[in-house]
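Structure, as structure tokens:
Residue numbers (my numbering), protein chains in the order written: chain A, 501 to 833; chain B, 501 to 833.
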């Protein structure tokens with residue numbers, strides 16, 4: 501989802517506060533995406549990294565480290581690590597989803613080919629682990645290798661669960677934790693770990709990242725059905741057309757009459773869609789109020805994120821992190 | 501290439517000597533390829549891991565550790581790590597090469613789909629780093645993340661270099677170091693590192709793995725043009741049909757007349773092949789003796805491998821490693 505449209509932009513205030521360190525992160529990313537022997541690697545990487553994106557994940561790592569009083573150099577390495585893992589994941593995702601667009605530009609798999617996206621993703625993933633070893637912290641490596649395994653597991657689970665009507669809210673949550681929240685929570689947790697913060701504070705940072713990531717993904721899935729297409733860069737109903745079971749549909753399926761269930765089986769499980777199906781799907785979501793209920797869930801996770809960091813010491817950055825939790829769900833109100 | 505056909509089988513003698521530890525490695529692989537949430541993961545992994553293969557790479561790690569007097573438990577983790585990285589690489593390679601067969605069975609990308617191969621590869625790669633963190637050794641993580649980056653870089657380089665007639669022997673060697681030798685040399689090096697061996701011995705183990713991996717790949721590329729198809733499970737000339745520039749062709753291109761060069765441009769660079777082209781290509785390799793010259797190169801690398809470990813203390817395992825170097829090129833004589 502785009503964060504650029506609302507009036508209040510706490511992530512921009514955080515970016516301004518962390519400008520010098522974000523510059524260092526960007527310089528490190530530029531340096532480490534180079535390849536002496538294979539120019540295809542920086543070409544593909546630059547296409548994606550250069551397309552912008554808000555660098556929210558690396559910023560969370562910098563913010564968490566600063567919030568915990570860290571004054572060493574390695575939060576910059578960790579922030580670049582997190583962005584490399586994120587970029588590798590996007591490259592592989594676009595191959596898996598056969599996507600043609602990302603951040604308003606043609607995807608790498610379309611501009612080059614699937615081969616390049618797979619292999620450059622592998623390269624960036626390896627680079628991310630090289631960066632982590634430079635910090636000398638085994639804890640950091642443990643946290644981020646766990647997160648990487650959870651991400652891949654969530655994506656595999658999504659392969660089979662997305663079009664299976666037995667997918668319920670708890671499986672959805674597992675997928676969301678994998679595909680989105682695992683990297684958010686690892687990003688904030690390693691910031692605390694590198695600062696050698698109190699274990700309770702590290703836990704609070706983890707909980708914040710986890711809840712923020714879930715709120716973020718639920719909001720994204722909701723906006724797919726009711727977003728302003730000019731703001732999100734997506735078309736309303738893309739997930740429906742791609743037969744992806746997300747929360748608004750899962751909630752409608754759970755309450756479906758026999759006839760409605762037959763509709764979901766045909767359109768999602770069997771993928772036999774025709775004109776008017778998206779409108780009917782939206783009617784069914786309206787009937788059961790599932791868009792409202794999904795919005796409430798997203799707001800609930802944002803509240804959990806804020807509650808988690810409320811246990812940390814008062815700090816300018818803590819306030820901005822709290823505002824970011826409000827912001828990712830702000831357009832849903 | 502298959503190692504199962506010649507009379508003398510030093511890798512089997514090594515496997516017998518390391519049987520208990522290899523059993524522990526296999527048990528750890530079984531345990532860690534599981535996934536609570538996504539059964540697709542162990543299905544795909546078991547298909548590839550269960551298809552056999554000689555587990556040469558993990559065996560090299562165990563052998564190196566034992567040769568250096570290691571008596572702790574972590575060489576088992578490292579051996580499983582090496583096998584996971586190898587398996588992840590094979591899954592992604594088969595997607596990149598659009599392969600239909602591997603180890604005499606249909607590939608995972610054919611049985612399931614490219615998506616599963618990409619994501620399960622990512623999962624195994626993450627799992628490998630989790631295993632490494634359990635050893636507590638940052639050195640090991642540094643070595644294997646460097647190797648992973650080199651592997652991916654070599655594969656990307658191959659994407660562009662394979663059909664480009666400007667690819668010379670030094671670029672070929674770079675590709676081979678990436679796609680094959682990097683994991684061999686890391687496998688032996690980490691065995692020495694976990695045993696806290698003398699740096700000169702660690703270097704010798706690295707040099708052995710590097711030269712062995714290069715000999716192994718050159719032999720593989722040579723057998724593509726002159727192998728016994730029943731032994732290799734490949735058809736003669738697969739690389740030619742797939743337009744892959746390997747050493748026998750590179751040597752022929754380097755000496756080509758203008759007319760011969762036009763032939764290579766048409767068949768390799770442009771990929772416009774017709775009946776009789778493979779035979780003509782073999783004639784040209786015969787004219788310049790490039791198969792013999794390639795064989796000499798492979799033998800030379802096997803000698804380098806043996807010379808490297810000759811500096812290590814006398815040990816039964818050292819003898820078997822030396823025999824393995826002879827063995828990977830034995831069928832070329």
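All residues carry an ideal CB built from backbone N, CA and C; glycine is no exception.
Subject >> Interface residues of chain A facing residue 625 of chain B [CB-CB closer than 7 Å] >> reply: In chain order: 625.
**OP:** Please confirm whether residue 699 of chain B and residue 725 of chain B have their CB atoms less than 7 Å apart.
**Re:** Contact flag unset, no.
**OP:** Specify the secondary structure class of residue 755 of chain B as computed by DSSP and reduced to three states.
**Re:** In this structure, residue 755 of chain B counts as coil in the three-state DSSP scheme.
Original post:
Is the beta carbon of residue 805 of chain A sitting closer than 7 Å to the one on residue 825 of chain A?
Top reply: Contact flag set, yes.
**OP:** Return the CA-CA distance between residue 643 of chain B and residue 829 of chain B, expressed in angstroms with no decimal places.
**Re:** For residue 643 of chain B and residue 829 of chain B, the gap between their C-alpha atoms comes out near 27 Å.
Subject >> When A:634, A:542, A:673 are compared against residue 617 of chain A, the one with the closest alpha-carbon >> reply: Of A:634, A:542, A:673, the residue nearest in Cα terms is A:542.
Original post:
How long is the line joining the alpha carbons of residue 779 of chain A and residue 547 of chain B, rounded to whole angstroms?
Top reply: Computed Cα separation, rounded: 43 Å.
**OP:** Output the distance between the C-alpha atoms of residue 482 of chain B and residue 709 of chain A, rounded to the nearest integer angstrom.
**Re:** Outside the shown range of chain B (501 to 833) lies residue 482 of chain B, about which nothing can therefore be said.
Original post:
Under the three-state reduction of DSSP, which class applies to residue 677 of chain A: helix, strand or coil?
Top reply: Correct three-state label for residue 677 of chain A: helix.
**OP:** Taking 8 Å as the threshold, find out whether the region 584-604 of chain B comes into contact with the region 621-632 of chain B through three or more Cβ pairs.
**Re:** Yes, the region 584-604 of chain B touches the region 621-632 of chain B.
**OP:** Report yes or no: do three or more beta-carbon pairs, one from the region 660-672 of chain B and one from the region 764-775 of chain B, lie closer than 8 Å?
**Re:** With a cut-off of 8 Å, the region 764-775 of chain B and the region 660-672 of chain B count as touching, because enough Cβ pairs lie within range.
Original post:
Quick one: Cα of residue 651 of chain A to Cα of residue 814 of chain B, how far?
Top reply: The straight-line gap from Cα to Cα measures roughly 46 Å.
Original post:
Is it true that the CB of residue 794 of chain B sits closer than 7 Å to the CB of residue 722 of chain B?
Top reply: Going by C-beta atoms, residue 722 of chain B is nearer than 7 Å to residue 794 of chain B.
Original post:
To the nearest whole angstrom, what separates the beta carbons of residue 705 of chain A and residue 557 of chain A, a pair I think is in contact under 8 Å?
Top reply: The C-beta separation of residue 705 of chain A from residue 557 of chain A comes to about 13 Å, leaving the pair out of contact by the 8 Å criterion.
Original post:
Nearest CA to the CA of residue 620 of chain B: which residue from A:511, A:658, A:803, A:510?
Top reply: Closest in alpha carbon position to residue 620 of chain B, among A:511, A:658, A:803, A:510, is A:658.
Original post:
Among A:593, A:521, A:573, which has the Cα closest to the Cα of residue 656 of chain A?
Top reply: Residue nearest to residue 656 of chain A within the set A:593, A:521, A:573 is A:593 (criterion: CA-CA distance).
Subject >> Exposure label - residue 501 of chain B; buried when at least 16 CB within 10 Å >> reply: Confidence at residue 501 of chain B is low in this model, with a pLDDT of 41, below 50, so the placement of that residue is unreliable and no value is reported for it.
**OP:** Check the Cβ of residue 615 of chain A against every Cβ in chain B and list those closer than 8 Å, keeping chain order.
**Re:** Chain order gives the chain B residues near residue 615 of chain A as 595, 596, 659, where near means a beta carbon separation below 8 Å.
**OP:** Spatial neighbours of residue 445 of chain B within its chain, please: CB distance less than 7 Å, with the 5 preceding and 5 following residues excluded, ordered by chain position.
**Re:** Look at the range of chain B in this structure, 501 to 833, and you will see that residue 445 of chain B is not part of it.
Original post:
Mind checking residue 614 of chain A: buried by the 16 CB within 10 Å criterion, or exposed?
Top reply: Around the CB of residue 614 of chain A, 16 or more other CB atoms lie within 10 Å, so the residue is classed as buried.
Original post:
Counting contacts by CB-CB distance shorter than 7 Å, is residue 745 of chain B in contact with chain A?
Top reply: No, residue 745 of chain B does not count as interfacial toward chain A.
Original post:
Between the region 526-559 of chain B and chain A, which residues of the former have CB atoms less than 7 Å from a CB of the latter, in chain order?
Top reply: Correct list: 535, 537, 538, 540, 541.
**OP:** Please confirm whether residue 529 of chain B and residue 580 of chain B have their CB atoms less than 7 Å apart.
**Re:** Yes, the pair counts as a contact, with Cβ atoms nearer than the cut-off.
Original post:
In the region 522-566 of chain A, which residue ranges form an unbroken beta strand (DSSP E) of at least 3 residues, counting only runs that do not cross its ends?
Top reply: Considered as a whole, the region 522-566 of chain A harbours no complete run of any beta strand (DSSP E) with no fewer than 3 residues.
**OP:** State yes or no: is the C-beta of residue 680 of chain A within less than 7 Å of the C-beta of residue 717 of chain A?
**Re:** The Cβ atoms of residue 680 of chain A and residue 717 of chain A lie closer than 7 Å to each other.
**OP:** From the DSSP output, in three-state form, read off residue 748 of chain A for me.
**Re:** Residue state for residue 748 of chain A is assigned as helix, using DSSP reduced to three classes.
Original post:
Buried or exposed: which applies to residue 535 of chain A, given that a residue is buried once 16 or more other Cβ atoms fall within 10 Å of its Cβ?
Top reply: Residue 535 of chain A should be labelled buried.
Subject >> the region 631-657 of chain B: positions lying closer than 7 Å to chain A by Cβ >> reply: Residues of the region 631-657 of chain B with a C-beta atom less than 7 Å from some C-beta of chain A are 633, 636, 638, 641, 642, 645, 646, 648, 649, 652, 653, 655, 656, 657, listed in chain order.
Original post:
Does the beta carbon of residue 592 of chain A come closer than 7 Å to any beta carbon on chain B?
Top reply: So yes, residue 592 of chain A belongs to the interface.
**OP:** Spatial neighbours of residue 559 of chain B within its chain, please: CB distance less than 8 Å, with the 5 preceding and 5 following residues excluded, ordered by chain position.
**Re:** If we look at residue 559 of chain B and ignore the five residues flanking it on each side, its Cβ neighbours are 511, 514, 515, 518, 522, 579.
**OP:** Use the C-beta contact count for residue 611 of chain B: other C-beta atoms within 10 angstroms, 16 or more gives buried, fewer gives exposed.
**Re:** Exposed: under 16 other Cβ atoms inside 10 Å.
Subject >> Chain-ordered neighbours of residue 486 of chain B on chain A, where CB pairs are closer than 8 Å >> reply: Look at the range of chain B in this structure, 501 to 833, and you will see that residue 486 of chain B is not part of it.
Original post:
Alpha carbon to alpha carbon, what distance is there between residue 802 of chain A and residue 715 of chain A?
Top reply: Just so you know, the alpha carbons of residue 715 of chain A and residue 802 of chain A end up roughly 6 Å apart.
**OP:** Could you pull out every residue in the same chain whose Cβ sits closer than 6 Å to the Cβ of residue 743 of chain A, ignoring the five residues on either side in sequence?
**Re:** When the five nearest sequence neighbours on each side are left out, the beta carbons in the same chain lying within less than 6 Å of the beta carbon of residue 743 of chain A are those of 663, 768, 771, in order along the chain.
Original post:
Between which two residues does the alpha helix (DSSP H) containing residue 656 of chain A stretch?
Top reply: Residue 656 of chain A: member of the alpha helix (DSSP H) spanning 638-661, first to last residue.
Original post:
Does any residue of chain A bring its CB to less than 7 Å from the CB of residue 717 of chain B?
Top reply: Output row for residue 717 of chain B: interface = no.
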